[in-house]
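In order, the protein sequences belong to chains A and B.
Take 9 as the starting number for the first sequence in our numbering and just add one per residue.
Take 9 as the starting number for the second sequence in our numbering and just add one per residue.
Note that beta-carbon positions come from the ideal geometry of N, C-alpha and C, so glycine has one too.
Since this is a predicted model, take the numbers as computed values, not measurements.
Below is one structure; the comments refer to it alone.
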Amino acid sequence: MPERSIQKKTILVIDDDPDIRAALRMVLEAEGFSVGESANGEEGLKTVERIQPDAMIIDLMMENVDSGTTVAQQLKAEGYPGPMYMLSSAGDAVRYNLDARELGLAGIFQKPIDPKLLITTLKKALKMVG
Amino acid sequence: MDSTVLQVLVVDDDPGMRSGVSRALAHFKAAVPEVDGKIRFEVEQAASGHEALEKFQRLHPQLVFLDFKLPDITGFDVLDQLSPQIADSLIIMMTAYASIETAVRATKHGAYDFLAKPFTPDELRTTARKAAEQVLFKIKAKKLAEEKRKLRFEFISVLSHELKAPLAAIEGYLNVAKAQSLGASIDAYTPVFDRCVFRIEQMRKLIFDLLDLTRIESGQKIRHLQETDLVPIVQRVLETVAAEANQRGIELRFDAQNAVPYYADPAEMEMIFNNLVSNAVKYNREGGQVEIQLSVTPEALCIRVSDTGIGLTEQEASRLFQDFVRIRNAKTQDILGSGLGLSTVKKLVQLYRGEIHVKSTPDVGSTFTISLPPSSPPPIAENGESERR
C-alpha cells in the first residue's frame, strides 16, 4: 500500500531504451511514485535540476559505453543527495569494473529488474516503510 | 626518415666469424618495400648454444644467424628449443658442410634460410635483407590480424548489446503484466503487448540483416554476376513496399524507362534497392513521396532514391553507414530498423567499386545517391581476386 500521508516521491529514470523507461514507469507509478524520464545522460543531468528527484535509476550502457557512470560521477560531484541506482545488463557491471562505492551508488540492478525488489529497495532507501 | 632497427644474433664459436658478420651488417642499410625508411641491423654475438638460448630470451632478436657446429649443443638442438617461441623471428643456418640433406633437415626444424660457408659480406647482406623483408612482412600481417580480431570483437559486443536490449524490454513489460501494475483488466496492457511484438519483429529483422551482412563480408556467398536489367528489380521492390506506402498515402515514383542493364548479381541489386526504398517509405511522412531514378552515363550508373521524410542532421548523416548505427530519437522509436541495412548497402556498393552518399535536411527529406562504375570490366571481389562464378 502506498503511503498516503507523505508526498509522492519522484524517481528519475535515465535510459536510452524507451520501452525500459516505459516499463519502469508503469511499475513505479503503480506503487505511487512519480516518475521522470530522460533518454541520455546530458538530458538527465538537466532534468535532475528541474525535478529534483528523490532517487535515480541510471542505465549503465547508453549511446556511449559506460556513459551511465559519467552521469553518476557528475551527480556525485555536484552533491546529489538521493540514492542512485545503476541499471546493468547481466555481466556488464563486472565487465566494466563498476565500483559502486566510488561512484556513490546505493546499488546496482541487473536487467531485467525484478519489480518487487526494485520497489522494496526504493521504499527502504527513501524510508517509506518501517 | 627514421630507420627501423632489427636485432640480430650471430651464433658461432669462431670469434672471427662473429666479428665478420657484425662488421658486414654494422653499417648496412637495406631498403625494403614494407617500411618507409631504411632498415639497419644491431648485432649481438653468442659463442655457444646455451649462450644463444640465453641471449635469445633476453634480446628477442628478429634474425638469428646460427652455426651448426657449436661447442656444447648442436645448431639443431638450438633450433628445436627456439622454434616454438620464434613468432616474429627468423633463423638462418650457417654451415661449411652444406648439403641438401642438412638444408632440408634445418628447414624441417624451423630454419628460414641457409647460408653456406664461406660466404662474402655481400652474400650475407643479401640474405639478411631478404630475411628482414620476411620478418617485417610477418609483423605487418600479425598487426593486421590483430586489428581484424579487435574489430570483430567490437562488432560482437555491439551485436550482443543490440540482441539483449529487446529481451530486456520484453522482460520488463512481462514483469509489468505479471505484477499487474496497470490493473486487472487485460485491455490496459494492449500497448504493452504491441511494444513487445514490435521489439520481437525488430529483433528478427536484426537477425536477418545480420545474416545478409555476414554472408557478404565472409565472401562465402556465391555471386551470380550476369547481365541484369535493374528496372524489373526496382519494380519488384516497389511492389513489396506498395501496401505500406498506400496505407500512409505515400506516393511512389519511378520512371520505368527502357532496360537499364548492369553486370551484377541480381540478388545483391535487389538488396540494395530493398534497403533504400523501404527506408524511404519507413522514414517518410504521411502523404509524402519516394522517387527512384536510374541514369546511365558513359562514366557511371547512377541510382538515386529520395524521400520527403524526417531527414537527418549532418552529424547523423556522417555516421549513417556504420554498423549498428540507428538514429535514435522520438521520431524513429516506432520505426523498425536493425542499424545494419545501410552498412550492408555500403558494403555491397563497395563490392562493385561504387560510392554511396546521402544529402539530407531534417524534416524535409533525404536523397541517397549511388554511383557505380560502368558495367565492363566485370566488377571484382572485395579481396581483389577475380570473381568467383
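Between residue i and the rest of its own chain, which residues show a CB-CB distance below 8 Å, the 5 nearest in sequence each way excluded?
i      : result
I178/B : C204, R207 and I208
T77/A  : L68, M94, Y104, L106 and L111
L61/B  : V86, Q89 and L90
Whose Cβ in chain B lies nearer than 7 Å to the Cβ of residue i?
i      : result
K119/A : A176
P26/A  : Q341
M69/A  : H169
M34/A  : V184, S189 and L190
What's the gap between the Cα of residue i and the Cα of residue j?
i      : j      : result
S165/B : Y291/B : 27 Å
Q70/B  : S30/B  : 15 Å
D21/B  : F163/B : 53 Å
F161/B : D100/A : 15 Å
N254/B : I127/A : 46 Å
R256/B : T321/B : 24 Å
P129/B : K146/B : 25 Å
Q297/B : E259/B : 5 Å
Q330/B : M279/B : 17 Å
L78/B  : F84/B  : 10 Å
F216/B : D202/B : 21 Å
I241/B : F281/B : 8 Å
R223/B : T352/B : 10 Å
L221/B : A187/B : 40 Å
G24/B  : A55/B  : 11 Å
A95/B  : V21/A  : 51 Å
P382/B : T305/B : 8 Å
S193/B : V245/B : 42 Å
K84/A  : I121/A : 24 Å
R48/B  : R133/B : 11 Å
T55/A  : K213/B : 34 Å
G44/A  : V102/A : 28 Å
F41/A  : V35/A  : 9 Å
L152/B : H169/B : 26 Å
Q228/B : A38/A  : 53 Å
A140/B : I99/B  : 11 Å
P387/B : D75/B  : Confidence is the limiting factor: at P387/B the pLDDT is only 47, short of 50, which leaves the residue's position unreliable and the question unanswerable from this model.
K132/A : Q118/A : 18 Å
V112/B : G118/B : 10 Å
G57/B  : A39/B  : 31 Å
G138/A : I19/A  : Reliability fails at G138/A, whose pLDDT of 44 lies under 50, so the model's placement of it is uncertain and the value that follows must be treated cautiously. In a straight line, the C-alpha of G138/A is about 20 Å away from that of I19/A.
Only counting the same chain, and skipping five residues up and downstream in sequence, which positions put a Cβ closer than 6 Å to that of residue i?
i      : result
R231/B : D273
R334/B : G345 and G347
P92/B  : none
V357/B : I364 and I378
G392/B : The predicted model places G392/B with a pLDDT of 43, which falls under 50 and marks its position as unreliable; any figure quoted below should be read in that light. Closer than 6 Å at Cβ, skipping near neighbours: no residue.
Going by C-alpha to C-alpha distance, which of the options sits closest to residue i?
i      : options                           : result
A63/A  : E45/A, D100/A and G90/A           : G90/A
F332/B : E324/B, A338/B and K339/B         : E324/B
F376/B : N337/B, Q341/B and T316/B         : T316/B
K354/B : L328/B, A111/B and A267/B         : L328/B
C310/B : T321/B, P23/B, H365/B and G180/B  : H365/B
N266/B : Q243/B, V40/B and E225/B          : Q243/B
K125/B : R137/B, T134/B, A104/B and G118/B : A104/B
E299/B : S374/B, T352/B, Q358/B and S326/B : S374/B
A173/B : A30/A, V56/A and S97/A            : S97/A
Q142/B : V313/B, L218/B, Y120/B and S193/B : Y120/B
E225/B : A288/B, K156/B and R293/B         : K156/B
L233/B : K138/B, L359/B and K367/B         : L359/B
Q81/A  : A47/A, Q60/A and A108/A           : A108/A
G45/B  : T369/B, L67/B and L144/B          : L144/B
D314/B : Q301/B, S326/B and A308/B         : The sequence given here places Ser at residue 314/B; Asp does not occur at that position. With distances taken between Cα atoms, S314/B lies closest to Q301/B.
K148/B : P41/B, H68/B, T198/B and V112/B   : P41/B
G295/B : D342/B, R261/B, M277/B and A196/B : R261/B
Please return the same chain residues whose Cβ sits closer than 7 Å to the Cβ of residue i, not counting the five positions on each side in sequence.
i      : result
D371/B : I318 and G319
V18/B  : R26, V29, S30, V51, Q53 and F73
V289/B : V249, E252, A253, I258 and V298
K339/B : I318
DSSP beta-bridge partners for residue i?
i      : result
H365/B : T377/B
M64/A  : L20/A and M92/A
D4/B   : Residue 4/B lies beyond the range of chain B shown here (9 to 397); nothing can be said about it.
L17/B  : E52/B and V72/B
C310/B : S303/B and S379/B
G44/A  : L20/A
What in chain A is Cβ-close to residue i, meaning under 9 Å?
i      : result
A267/B : Here the premise fails: no neighbours, minimum Cβ distance about 45 Å.
Y181/B : D27, A30, A31 and M34
R361/B : Going along chain A, no residue has its Cβ under 9 Å from R361/B, so there is no contact; the nearest lies around 33 Å.
So which residues of chain A does residue i contact, with C-beta pairs closer than 7 Å?
i      : result
T172/B : In the sequence under discussion, the amino acid at residue 172/B is Lys, which differs from the Thr named in the question. Under the 7 Å cutoff, chain A gives S97.
R207/B : D27
Report the neighbours of residue i on chain B: residues whose CB is nearer than 9 Å to its CB, in chain order.
i      : result
P61/A  : Here the premise fails: no neighbours, minimum Cβ distance about 20 Å.
A133/A : Within chain B, no residue comes near A133/A; the closest Cβ sits about 20 Å away, beyond 9 Å.
Counting only Cβ pairs nearer than 8 Å, list the residues of chain A close to residue i.
i    : result
R2/B : Because chain B in this structure spans residues 9 to 397, residue 2/B falls outside the shown range and cannot be described.
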